[in-house]
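Here's the structure we're looking at; comments come further down.
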Amino acid sequence: MDHVSPKKHLGQHFLADPNIARRIVDSLRLPDSVTEVLEIGPGMGVLTGDLLKHPEYRTTVVEIDRESVAYLERNFPALDGRIISSDFLKQDLGQLFPAQPLSIIGNFPYNISSQIFFQVLTHRHQVREVVGMIQKEVADRIAEPPGSKTYGILSVLLQAFYTVELLFTVPPHVFIPPPKVQSAVIRLTRNATEQLACDEKLFFKVVKQAFQTRRKTLRNALKPFGMPAEATTDPIFEKRAEQLSVADFVELTKHVQQHRVVAPPQVNNAKSRRAKEVSEETEEE
Numbered sequence: 001m002d003h004v005s006p007k008k009h010l011g012q013h014f015l016a017d018p019n020i021a022r023r024i025v026d027s028l029r030l031p032d033s034v035t036e037v038l039e040i041g042p043g044m045g046v047l048t049g050d051l052l053k054h055p056e057y058r059t060t061v062v063e064i065d066r067e068s069v070a071y072l073e074r075n076f077p078a079l080d081g082r083i084i085s086s087d088f089l090k091q092d093l094g095q096l097f098p099a100q101p102l103s104i105i106g107n108f109p110y111n112i113s114s115q116i117f118f119q120v121l122t123h124r125h126q127v128r129e130v131v132g133m134i135q136k137e138v139a140d141r142i143a144e145p146p147g148s149k150t151y152g153i154l155s156v157l158l159q160a161f162y163t164v165e166l167l168f169t170v171p172p173h174v175f176i177p178p179p180k181v182q183s184a185v186i187r188l189t190r191n192a193t194e195q196l197a198c199d200e201k202l203f204f205k206v207v208k209q210a211f212q213t214r215r216k217t218l219r220n221a222l223k224p225f226g227m228p229a230e231a232t233t234d235p236i237f238e239k240r241a242e243q244l245s246v247a248d249f250v251e252l253t254k255h256v257q258q259h260r261v262v263a264p265p266q267v268n269n270a271k272s273r274r275a276k277e278v279s280e281e282t283e284e285e
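Its first residue numbered 1, the sequence shown is counted upward by one per residue in UniProt numbering.
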């Protein structure tokens, strides 16, 4: 029988329920005149078959498993020339789909689901929509509002650029093999914020730094930015990262940008390094 063996090291759990597959595909909305649809990790094509029933979609799939690629080539001739045998995390979507808005769909490999969303953020100006099945725990975390203990880095970064909807849950028994966790389908739709009202690179750094030590107040969590004490007297610095909305983080980023101390450039020549070593040796003596 023609089939693919699920591989644990790739996080593969093949969806075996065609009704759920149809429901996932029907969750696509294709905003902003999107016609390009990229499926991540199609496996044996349970979603692919339904995608190909939509002639208005130009469906491309990306699959790292060579056995799955061979299966798709045998069973889905309509995908000729549109199977990318590679790792999604290594793809430059701008090169694959030049100047084209894009919707992404998939039963995402559970061991890289968070990394997939960070890749989406990298290409946020191109990816207009994501419909993905992931661990329910991760889906809950992404959709959480401020104040929750599971509200975190992905919650803030994705909600800054996307409207997040938790669509429905999926039980383990509809997969081969059944995962040990509950699954859920989530939809991200690009919001109207094309550019945050702050330095976006710094915004990402502030959010990540704030949550790395989430039990600390922001005054302590953001010490690596070198702000003077008088610049951290605002009441927001008494809060913890999980208490801040996206808008709060934007304002915090602007404050950090205004008051942070920029470290002097590092001098890397050998003479300077040796001078520093001598100085440290002298101090120890």
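Positions of the beta carbon are idealized from the N, C-alpha and C atoms, including for glycine. These numbers come from a predicted model, not from an experiment.
- Of the residues assessed, HIS255 falls on the buried side of the cut-off, its CB having 16 or more other CB atoms within 10 angstroms.
- The straight-line gap separating the alpha-carbon atoms of PRO55 and LEU79 is approximately 12 Å.
- Looking at the backbone, the Cα of LEU89 and that of SER114 are separated by about 11 Å.
- Membership of SER113 in any beta strand (DSSP E) is not indicated; the residue belongs instead to the alpha helix (DSSP H) covering 113-122.
- In the structure shown, the three-state DSSP call for VAL181 is coil.
- Annotation for PHE249: the continuous alpha helix (DSSP H) segment containing it runs 246-259.
- If you draw a straight line from the Cα of ASP140 to the Cα of LEU166, it is about 7 Å long.
- Put simply, the backbone Cα of GLU129 is about 43 Å away from that of GLU230.
- The Cβ atoms of TYR110 and VAL4 lie no closer than 8 Å to each other.
- Residue ranges of uninterrupted beta strand (DSSP E) with 3 or more members, entirely inside the segment 73-155 and ordered along the chain, are 83-85, 102-107, 127-135.
- Take PRO6, set aside five residues on each side of it, and the residues of its chain with a beta-carbon closer than 7 Å to its own are GLN12, HIS13, PHE14, ILE176, PRO177, in chain order.
- Partner residues in the beta bridge of LEU38, as assigned by DSSP, are THR60, ILE104.
- LEU167 carries a strand assignment under DSSP once its states are collapsed to helix, strand and coil.
- Burial state of PRO235 is exposed, judged by a 10 Å Cβ sphere holding fewer than 16 other Cβ atoms.
- Residue environment: SER86 is assigned as exposed (fewer than 16 neighbouring CB atoms within 10 Å of its CB, all protein chains considered).
- Scanning its chain for C-beta atoms nearer than 8 Å, with the 5 sequence neighbours on each side dropped, one finds around PHE168 the residues ARG23, ALA184, VAL185, in chain order.
- Taking the Cα positions, LEU158 is about 16 Å away from GLY147.
- In the three-state reduction of the DSSP assignment, ARG240 falls in the coil class, being assigned neither a helical nor a strand state.
- Annotation: the continuous alpha helix (DSSP H) that includes GLY49 extends over 46-51.
- Bounds of any alpha helix (DSSP H) do not take in ASN191, whose DSSP letter is neither H nor E.
- In the DSSP assignment, GLN209 falls within the unbroken alpha helix (DSSP H) covering 200-212.
- In terms of Cα proximity to ALA241, the closest of ALA221, LEU38, GLU144 is ALA221.
- Excluding the 5 residues flanking it on each side, GLY45 has same chain C-beta neighbours closer than 7 Å at LEU72, ASN75, PHE76, in chain order.
- Segment contact: the segment 33-48 against the segment 200-210, fewer than three CB-CB distances shorter than 8 Å; contact not assigned.
- Of all alpha-carbon atoms in ALA99, LEU188, ASP92, the one lying nearest the alpha-carbon of GLY132 is that of LEU188.
- Excluding sequence positions up to five before and after TYR151, its CB lies within less than 6 Å of the CB of GLU144, GLU242, all in the same chain and listed in chain order.
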